[in-house]
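Residue numbers (our numbering): 1 to 223.
A virtual CB, placed ideally from N, CA and C, is assigned to each residue, including glycine.
As the structure is a computational prediction, the values presented were derived from the model and not from experiment.
Down below is the structure, laid out as structure tokens.
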Amino acid sequence: MALKDRFRKFMPVIVDVETAGFNAQTDALLEIACIPILMDDTGTFYAGDALNAHIEPFEGANLEPRALEFTGIDPNNPLRKAIAEDEKTALRRIFKALKDVRRDADCRQCVLVGHNAHFDLNFLNAAVERTNSKNHNPFHQFSVLDTVSLSALAFGQTVLARACKAAGLEFDGTHAHSALYDTQKTAELFCHILNSYPMLPNALHIEQTKVELKDDDKVSSTQ
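Take a look at the structure:
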């Protein structure tokens, strides 16, 4: 089975964002990391190369002190400012690289995979709108795959660190809330779950055998 056949020509891409709040329209996007998920010749999922960026807050962006304290990100840190990109530059660089990987895998579109994925998707979509990057965006606008749901099904856990521990994966809490680290751990978790749990027997469009009723099996609608 090729990757394009596994998810209806969608290529899963792990995404994590670090932000200056919870409102995608008003609060700054500060970091983004993306890792495409690929499949080898044996049908085993693995993480591709990571793409990430430190992002300058957009003009007029809100910076919630509590959010910055939680993530540990200082937007004014000189070292950070030296490598930070504006939203448009960062997004289009990452989008171009993802499109190249997607084409190599013969997939039609990327689908965002995240831990609480709609949070990441909301901030991604808001940044796409702000930077007029809709035609560059390789992601489906609203469909996601969420490792919260997958982890609840597989391990009875919904917290990323606990799900990783249940899966036997290392998780260093001192690196949490870095977009790149959280994306790497989510990618490991996603691959572990998919590689550990087989698809159901009737998956992948296997045609069901039609049962034809004999005359004496038919029941009159009046009975």
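Short of 6 Å from the beta carbon of residue 53, and not among the five residues preceding or following it, lie these beta carbons of its own chain, in chain order: 32, 85 and 90. Between residue 152 and residue 158, the alpha-carbon positions lie close to 5 Å from each other. Given a length threshold of 4 residues, each whole run of the alpha helix (DSSP H) inside the segment 109–196 is given here in chain order: 117–130, 147–155, 160–166 and 179–196.
DSSP places residue 47 in the uninterrupted beta strand (DSSP E) bounded by 45–47.
In the structure shown, residue 94 adopts helical secondary structure according to DSSP, grouped into three states. In the displayed model, residue 79 falls within a helix according to three-state DSSP. Look at the beta carbons and you see the segment 180–199 touching the segment 141–150: at least three pairs across the two are nearer than 8 Å. Between residue 126 and residue 146, the C-beta spacing is not below 7 Å. For the options 113, 178 and 154, the alpha carbon positioned closest to that of residue 168 is the one of 154. Taking all protein chains in view, the Cβ of residue 135 is surrounded by fewer than 16 other Cβ atoms within 10 Å, so the residue is classified as exposed. Separation of residue 55 and residue 166 (C-alpha to C-alpha, rounded to the nearest whole angstrom) is 33 Å. With a cut-off of 8 Å on Cβ pairs, the segment 57–72 is not in contact with the segment 90–107, counting fewer than three such pairs.
Between the alpha carbons of residue 58 and residue 74 lies a distance of about 15 Å. DSSP places residue 68 outside any beta strand (DSSP E); the residue lies instead in the alpha helix (DSSP H), whose first and last residues are 65–71. Residue environment analysis places residue 8 among the exposed positions, since fewer than 16 neighbouring C-beta atoms fall within 10 angstroms of its C-beta. With fewer than 16 neighbouring CB atoms inside 10 Å of its own CB, residue 81 falls in the exposed class.
Secondary structure of residue 29 (DSSP, three-state): strand. Beta-carbon to beta-carbon, residue 177 and residue 18 are separated by about 6 Å, close enough to satisfy the 8 Å threshold. Secondary-structure assignment with DSSP links residue 51 through a beta bridge to 34.
By the neighbour-count definition (other C-beta atoms within 10 Å, threshold 16), residue 39 is a buried residue. Under the three-state reduction of DSSP, residue 87 is assigned to helix. Sequence-distant partners of residue 194 (beyond 5 residues in either direction) whose C-beta falls short of 7 Å from its own C-beta, in its chain, are 45.
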